[in-house]
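Novice:
In the working numbering, the protein residues as written are 11 to 175.
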């Protein structure tokens, strides 16, 4: 499609321990996966998993006109400070359950730990937010599940609803 919307992504690493660029293996993995599919990396940030801070950060990121995809890594488990799903739900206008369900279903075939992922996905404005787990292995596996549909999802969100296939 000549009117395909380019994926312009922000990678958000969420952690309760301070990290630097060299320690952020999951975020770096996401950047590499996005570049491999010709997405533009608009920004890469670190944020604590404090609920209010995370909610506000996601809200502000969805307001940016230069991004249409936010991929988070971390904070999706059962630990008391794993607030990513709740912060995401507080920001999104429409939940996209199919993406989260597909990631859990496919990765469950590889590890029973996939049942412990509480990640959610949803849309706010013209931006898709996808929560991914915090480990590089889980990031790769989950991303591979959603990668085939991301371009079409971004096109639909941007208003390009032409279905020629």
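Ideal Cβ placement from N, Cα and C applies to all residues, glycine included.
Return the Cβ separation of residue 146 and residue 36 in integer angstroms, given the expectation that the two are a contact with Cβ distance under 8 Å.
Specialist: The pair is a contact, with the Cβ atoms about 5 Å apart (cut-off 8 Å).
Novice: Run the CB neighbour count on residue 67, radius 10 Å, all protein chains shown included, and call it buried at 16 or more, exposed below.
Specialist: Buried: at least 16 other Cβ atoms inside 10 Å.
Novice: Pull the bridge partners of residue 56 from the DSSP assignment, please.
Specialist: DSSP lists 23 as partners of residue 56.
Novice: Run the CB neighbour count on residue 84, radius 10 Å, all protein chains shown included, and call it buried at 16 or more, exposed below.
Specialist: Buried.
Novice: How do the segment 110 to 121 and the segment 50 to 59 stand: do at least 3 beta-carbon pairs fall below 8 Å, yes or no?
Specialist: No, they do not touch.
Novice: Along the alpha helix (DSSP H) that carries residue 165, what are the first and last residues, could you check?
Specialist: Element bounds for residue 165: 160 to 167.
Novice: On a CA-only basis, which of 86, 69 and 42 is nearest residue 102? Give me that one, please.
Specialist: Comparing Cα positions, the closest option is 69.
Novice: Does DSSP put residue 141 in a helix, in a strand, or in coil?
Specialist: Three-state result, residue 141: strand.
Novice: Determine the direct distance from the alpha carbon of residue 134 to that of residue 16, and round the result to whole angstroms.
Specialist: Distance between the alpha carbons of residue 16 and residue 134: 18 Å.
Novice: Taking the alpha carbon of residue 56 as the point to measure from, which residue in 143, 34, 44 and 160 has its own alpha carbon closest?
Specialist: When only C-alpha atoms are compared, the closest one is 34.
Novice: Report the partner residues of residue 91 according to the DSSP bridge assignment.
Specialist: In DSSP, residue 91 forms no bridge with anything.
Novice: If you compare alpha carbons, which of 61, 144, 170 and 158 is closest to residue 129?
Specialist: Closest option to residue 129, Cα to Cα, is 144.
Novice: Could you tell me the distance, in whole angstroms, from the CA atom of residue 89 to the CA atom of residue 149?
Specialist: Their Cα atoms are separated by approximately 18 Å.
Novice: How close, in whole Å, do the beta carbons of residue 140 and residue 81 come, if the pair is a contact with beta carbons under 8 Å?
Specialist: 5 Å between Cβ atoms; contact.
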